[in-house]
Amino acid sequence: MKKTTLSVLMFFVGLCAIAQTSSVGHLTIFSESGDKFFLILNGEKMNDVAQTNLRIEDLPQPYYNARIIFENKKLQDITKNYLALQDADAHFVDVTYKIKNDKKDASKRKLGFFSQTEILPTYVAPANVFVVHYGQPRTVQTTTTTTTTSGGGAQVGMNVGGVNMNVQVNDGMMGTTQTTTTTTTIHDGHDHHGHNHDDGHGHGRDRGCSKRYAMSPGDFNAALSTIKKQSFDDSKLKTAKQVVSSNCLNTNQIMQIAQLFSFEDNTLEFAKFAYDYCIEPRSYFKLNGIFKFSSNADELSDYVQSRQ
């Protein structure tokens, strides 16, 4: 019984440790009346399409000045300064605020605290919540409808006083309607790595990276934890390659994964593999410092040179 109690206690202590080491917070705002709104944090617009239930993940600041603009222009904006994403112990949390009606004025809404929880790396937002990853490009779809007028007319049959009549009607309003949907990716001011470096042969140097921004801290921490759980170096290497091949990483993230291996041969193999998925290749020389044997550092340097 004592062993079971101790195990449960250690489990919850572990969860608390994970929550306390988080370097970002998450913010959810929802409208109890279903009013669609835009959210602005520290002067930056978070969503391009008005939402009723909005979640912003991976916010790096403990406090934000928030402004809510409603799609319904009859509703007044809401301004809230020092919106907190940390608890009393200065630990980042997952906080939720609610937009509620003002009983005295139908044109006003109030923003109030609703709840907060610890940061959980494995949390998945419900389907009815619109999620924005702070600092990553946003994709917006716009629809354009074009009406093309045809030169032809229409044959209209009428019966007037028992006499059948065919009337030719020429109307410029009659034509063909064509709808086009355009998808646009918006790179905001936080996406500092939204550039494609050409390798001199007409191809992007980071060819293995389809995106141009690093994994979010929350996603990376979850992936790092998964790799650590692997019992053998070969399993860690296989899992690490799987993670990297589906994402982009910065140099520090690659270094953290590379340092998980017990054998330098695996460290070197991973460092070579991850190079094409690095968003900042100019700082890749930092990985040389993780090797105990200079021969491995030299081999990585030669490999990087050959890829440029």
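Each residue of the sequence shown is one higher than the one before, counting from 106 in my numbering. For each residue, glycine too, the CB sits at the ideal point set by N, CA and C.
Query, Result
"Kindly indicate the opening and closing residues of the alpha helix (DSSP H) around K341.", "D338 to S350"
"I224 by DSSP, collapsed to three states: which one?", "coil"
"For A328, which residues from the same chain have a beta carbon less than 6 Å from its beta carbon, with the 5 sequence-adjacent residues on both sides left out?", "V348"
"Where does H300 fall in DSSP's three states?", "Model confidence at H300 stands at a pLDDT of 32, short of 50, so the residue's coordinates are unreliable; what they give is reported in the following sentence. Three-state DSSP puts H300 in coil, outside helix and strand."
"Taking its Cβ as the centre, do 16 or more other Cβ atoms sit within 10 Å of H306, making it buried, or is it exposed?", "Per-residue confidence for H306 stands at a pLDDT of 33, beneath the threshold of 50, marking its modelled position as unreliable; the derived number appears in the next sentence. It is exposed - the Cβ of H306 has fewer than 16 other Cβ atoms within 10 Å."
"For the stretch 379 to 398 against the stretch 349 to 366, do three or more pairs of beta-carbon atoms, one drawn from each stretch, fall closer than 8 Å, so that the two count as touching?", "yes"
"Beta carbon of I161, beta carbon of V229: below 7 Å?", "no"
"Output the distance between the C-alpha atoms of S399 and K334, rounded to the nearest integer angstrom.", "29 Å"
"Less than 7 Å between the beta carbons of L365 and K341, yes or no?", "yes"
"What does the alpha-carbon distance come out to for the pair K178 and F218?", "24 Å"
"Given a cut-off of 7 Å on the beta-carbon distance, is the pair F235 and L146 in contact?", "no"
"Given this structure, state the Cα-to-Cα distance separating G323 from G148, to the nearest angstrom.", "24 Å"
"From what residue to what residue does the alpha helix (DSSP H) around R412 run?", "S399 to R412"
"In the structure shown, what three-state DSSP assignment does S212 receive?", "coil"
"Sort Q410, L144, T222 and S138 by Cα distance to K208 and report the nearest one.", "S138"
"Please report the distance separating the alpha-carbon of L180 from that of L144.", "14 Å"
"In three-state DSSP terms, what is K141?", "coil"
"Looking at I224: is its Cβ nearer than 7 Å to the Cβ of S128?", "no"
"For N401 and D199, what's the separation of their Cα atoms in angstroms?", "42 Å"
"Just the C-alpha distance for T222 and Y187, rounded to the nearest angstrom, thanks.", "19 Å"
"If L392 and A376 are in contact, beta carbons under 8 Å, what's the gap, nearest whole angstrom?", "5 Å"
"Given a threshold of 16 other Cβ atoms within 10 Å of its Cβ, counted over all protein chains shown, does S351 qualify as buried or as exposed?", "exposed"
"Would you check if the distance between the CB atom of L190 and the CB atom of G240 is smaller than 7 Å?", "no"
"What does V237 pair with, by DSSP beta-bridge criteria?", "I161"
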